[in-house]
Amino acid sequence: MEADDEGRSPSGSVVVDLASADDPRAMSRMLRQQRVHTIEGMFHLLTRREDVEAALRKPAVYTSRPEAVQLGNIRPLIPLSVDPPKHVKYRRILDPLFAPKHMAALEDEVVTLVNQIVDRFAAKGSCDFHEDFAVPLPCTVFLRLMGLPLADLDMFLEMKDGIIRPPGATQEEQEPTRRRTAQNIYAYFEKTLAERRRAPTDDLLAQIMGSSVDGVQLTDEEILDICFLFIIAGLDTVTDSLDCIFGYLSQEPEHRRQLASDESVIPSAIEELLRWESPVPAVPRVLSEDVEVGGCPMKAGEHVMLLIGAANTDDAAHPGVDSVDLLRNPNPHLAFGGGVHRCLGSHLARIELRVAVREWHKRIPEYELVPGTVLQYTEGLRSLHHLPLTFAPAG
Amino acid sequence: MRITLDVDRCQGHGRCYVLAPDLFDADDFGHCVLLVDDVPAGREDDARTGVENCPEQALGLE
Ligand code: HEM
Ligand code: SF4
């Protein structure tokens with residue numbers, strides 16, 4: 035493999051580093067100098083918009099078979115680890131439940147939840163945005179959506195972290211926590227399903243239990259595998275995005291004022307900051323056949339990381355994407371992935387982010403980082419360890 | 011000016027119908043439905059916005 039212009043070669047930790055870098059854009063720029071990087075014995079990286087997009091569109095070649103993501107689950111994650119044609123069946127059931135029109139009904143409830151969370155620290159004039167806001171919000175929304183008791187919040191956070199951020203430096207060290215947590219998740223939802231069969235409810239979980247395709251209902255195992263994925267895909271990602279957005283705004287007062295003074299900027303500002311930060315920096319695939327990209331041979335069975343973050347700032351594909359423009363148009367970013375696995379929860383996530391940014395800035399339009407703070411981003415998925423903010427005490 | 015939609019490419023990102031709701035709509039699955047074939051006079055910019063924000067290149071203008 036060729037070295038980059040600073041004489042370093044990307045190491046196996048490059049994807050992890052892309053999330054935690056102070057400036058992932060600079061790293062992405064360096065990576066894009068080469069269409070493909072090969073990290074021997076681990077995976078290939080596709081770095082450019084054109085190649086990432088082409089790969090997302092070829093799920094039969096760039097597959098999502100179960101070995102692409104191993105997170106302690108004993109069966110494939112549905113629909114993430116399922117390829118077409120079976121994947122289509124699951125998305126036909128799930129897409130309507132997560133469609134924008136359906137999700138829009140949640141908006142009022144999210145407004146209430148956001149304001150309740152802000153109530154807890156507004157008068158104090160300070161908070162750790164990560165701990166106090168970005169972590170509880172998505173989990174609370176999810177519990178409400180699924181009709182689960184709010185008292186289960188802490189347990190859910192533990193389950194999510196046990197899978198996504200288990201203690202330990204290596205896969206091997208992390209494995210026991212992942213496996214134990216996975217068993218707890220399966221057990222929790224098995225118990226919940228049994229309860230729901232006895233006493234039916236009217237919520238997202240009930241809709242999933244009651245849905246069918248071509249007259250065939252989902253089995254209990256399939257429902258468990260969907261719920262398992264929701265915990266992994268739907269909680270941390272929104273926390274990451276909130277941290278990224280507020281971390282950015284706390285350091286860029288002009289952009290903050292632009293959206294605080296004009297609500298109509300918020301939807302496009304969110305698309306732009308999702309593009310810029312790309313909280314999910316990469317999506318994994320496994321090759322079903324030998325292919326060649328840019329003269330680099332890749333073999334069937336090998337793993338490929340599609341760097342959607344690097345694709346999102348590829349100025350060769352879209353001139354001008356190397357800076358932030360809250361009113362960018364067009365902005366066809368890939369922060370929610372692309373192709374058949376396009377994020378199922380993207381419309382829910384957008385409502386959460388939009389309402390959070392709007393309601394927060396109505397009450398706390400001016401805030402800043404606690405002086406002396408050095409922001410540290412997490413590995414793998416880009417969130418912040420802490421985001422200490424100060425502001426004038428608000429009502 | 012006509013809008014074209016490649017239904018096999020559309021993955022329901024919803025950028026088009028959020029940005030130009032009187033030209034594009036969503037079906038029950040959140041995938042795009044064209045509300046017009048021919049772009050009405052004066053609406054060319056909105057049509058272009060919808061088309062160019064699609065991450066899947068599922069929409070076109072001709
Ligand atoms: C801003 C927050 C979010 C971001 C950035 C995000 C990002 C992504 C990305 C990049 C993928 C594609 C994975 C791949 O191609 O392998 C994905 C898939 C998925 N996401 Fe999200 N996500 C977010 C929020 C959510 C939420 C709130 C849910 C709620 C349930 C969710 C559920 C899913 C599911 C189920 C999939 C798998 C879809 C499939 O394989 O067909 N996500 N997400
Ligand atoms: S933006 Fe593109 S992918 Fe999304 S709904 Fe519209 S046509 Fe479909």
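Chains A and B, in that order, are what the protein sequence lines are.
Count the first sequence with my numbering and you get residues 35 to 429, in order.
Count the second sequence with my numbering and you get residues 11 to 72, in order.
No residue lacks a Cβ here, since even glycine has one placed at the ideal position from N, Cα and C.
For the 9 Å CB-CB criterion, residue 268 (chain A) and residue 382 (chain A) form a contact. Between residue 102 (chain A) and residue 240 (chain A), the alpha-carbon positions lie close to 30 Å from each other.
In terms of Cβ geometry, residue 417 (chain A) and residue 254 (chain A) do not form a close pair [threshold 9 Å]. For residue 112 (chain A), there is no enclosing alpha helix (DSSP H), since its DSSP letter is neither H nor E. For residue 339 (chain A), the pairing in a beta bridge is given by DSSP as A:79 and A:318. Restricted to the region 272-317 of chain A, the alpha helix (DSSP H) segments that are unbroken, complete and at least 4 residues in length are 287-294 and 300-311, listed in chain order. For the region 21-39 of chain B, the set of positions with a beta-carbon nearer than 9 Å to some beta-carbon of chain A reads 21, 22, 23, 24, 25, 27, 28, 29, 36, 37, 38 and 39 in chain order.
Measuring C-alpha to C-alpha distances from residue 369 (chain A) to each of A:213, A:116, A:304 and A:327 identifies A:304 as the nearest. The distance from the Cβ of residue 310 (chain A) to that of residue 272 (chain A) is about 17 Å, inconsistent with a contact at the 8 Å cut-off. Under DSSP, the beta-bridge partners assigned to residue 327 (chain A) are A:330. A distance criterion of 8 Å places the beta-carbon of residue 125 (chain A) in contact range of the ligand HEM, judged by its closest non-hydrogen atom.
Think of a sphere of 8 Å around the beta carbon of residue 380 (chain A): the chain B residues whose beta carbon falls inside it are 23 and 24, in chain order.
Nothing from the region 330-361 of chain A brings a Cβ to less than 8 Å from some Cβ of chain B. For residue 61 (chain A), the closest of A:212, A:69 and A:51 by C-alpha to C-alpha distance is A:51. For residue 70 (chain B), the enclosing beta strand (DSSP E) covers residues 69-71. Residue 54 (chain A) has its alpha-carbon roughly 24 Å from the corresponding atom of residue 401 (chain A).
Taking one beta carbon from each stretch, the region 394-409 of chain A and the region 283-298 of chain A have 3 or more pairs nearer than 8 Å; the two touch. Secondary structure within the region 174-210 of chain A: the alpha helix (DSSP H) runs of 4 or more consecutive residues, fully enclosed, are 187-198 (chain order). Cβ proximity to chain A below 7 Å picks out 59 from the region 41-61 of chain B. Using a Cβ-Cβ cut-off of 7 Å, residue 66 (chain B) is close to 372 of chain A, given in chain order. Residue 202 (chain A) places its beta carbon 9 Å or farther from that of residue 192 (chain A). In the structure shown, the three-state DSSP call for residue 402 (chain A) is strand.
Considering only B:21, B:17 and B:70, the residue with the shortest C-alpha distance to residue 60 (chain B) is B:70.
In this structure, residue 352 (chain A) has its beta carbon at no less than 8 Å from each heavy atom of the ligand SF4. Taken atom to atom, the span from the alpha-carbon of residue 51 (chain B) to that of residue 77 (chain A) is near 51 Å. Here residue 422 (chain A) really is in contact with residue 162 (chain A); their C-beta atoms are around 5 Å apart, less than 8 Å. Neighbours of residue 133 (chain A) across chain B, judged by C-beta separation under 7 Å: 36, 38, 39 and 40. Per DSSP, residue 267 (chain A) lies in no beta strand (DSSP E); the unbroken alpha helix (DSSP H) holding it starts and ends at 254-268.
Flagged as an interface residue toward chain B: residue 129 (chain A), by a C-beta distance shorter than 9 Å. Within the chosen limit of 8 Å, the ligand HEM does not reach the beta carbon of residue 257 (chain A) with any heavy atom. Residue pairing by DSSP puts residue 43 (chain B) in a beta bridge opposite B:35. Judged by the Cβ position, residue 48 (chain B) fails to qualify as a neighbour of the ligand HEM at the 8 Å threshold, every heavy atom of the ligand being at least this far. Following the DSSP letters along the chain, one finds residue 387 (chain A) inside the alpha helix (DSSP H) bounded by residues 380-397. Secondary-structure assignment with DSSP links residue 13 (chain B) through a beta bridge to B:71. The three-state secondary structure of residue 161 (chain A), taken from DSSP, is strand. Here DSSP, grouped into helix, strand and coil, assigns residue 418 (chain A) to strand.
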